[in-house]
Amino acid sequence: GARDRAGGGWDGGGGGAGGGVGERRCPYGAPALVDPPLTARGREQAAESGRQLLQWPAALRPARVLVSPLQRALQTAHGVFHAHTDARFVVVENCREQYGRHICDKRRETAVIAREFPYMDTSDLAAEDELYSAEERESKRAVSVRAA
């Protein structure tokens, strides 16, 4: 929905959490936002980064790429590295950003990821997203601990 300038909340439009007009709504609650793809601009930026990678000496190019299971990260890794290296791609659940409450942070099923990116190793992923919670947002501290 549109931004409510007076109250700083979200209006009643859209498919977010919450009820009627005037209630604060999370703009990231719309089911259509589950694990969204990169925008056209994001795909262009990844491709440009891949072209820049070609300028690196082969010895400096990565042998392995660890990537989040979120679609936008997978597409970025594909755009930057797939055509320009012989790297092994490994999809790692804990490489993902903060998760919870925002539906855009819920990943797709592993079978879908494996079909779309068959050259990426998804063998360590659970079949479904076991980390995402619609009720609770992961704390910044928990992100730091998970990333360590």
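Residue numbers for the sequence shown follow the numbering used here, beginning at 4 and rising by one.
The C-beta atom is built at its ideal place from N, Cα and C for all residues, glycine as well.
| field | Backbone CA spacing between Ile116 and Ala50 [nearest angstrom] | value | 20 Å
| said: Among the candidates Gln58, Ala33 and Thr125, whose CA atom is the shortest distance from the CA of Glu96? | reply: Thr125
| field | 4-residue-minimum alpha helix (DSSP H) runs that sit fully inside the segment 56-143, ordered along the chain | value | 74-80 and 113-119
| Neighbourhood of Ala80 by C-beta, 6 Å cutoff - its chain only, sequence neighbours within 5 removed | Val68 and Val70
| Own chain residues within Cβ distance below 8 Å of Leu77, not counting five before or after | Val70, Ser71, Val94, Ile116, Glu119, Phe120 and Met123
| request: Can you have a look at Leu73 and say buried or exposed, based on whether 16 or more other CB atoms are within 10 angstroms of its CB? | output: buried
| task | Decide if Lys109 is buried, meaning its Cβ has at least 16 other Cβ atoms within 10 Å, or exposed. | result | buried
| request: Could you give the DSSP three-state label for Ala49: helix, strand or coil? | output: helix
| Applying the criterion that 16 or more other CB atoms from any shown protein chain within 10 Å of the CB defines a buried residue, is Thr42 buried or exposed? | exposed
| said: For a test of the three-state rule: what should DSSP assign to Leu41, helix, strand or coil? | reply: coil
| task | In angstroms with no decimal places, state the Cα-to-Cα distance between His87 and Ala114. | result | 25 Å
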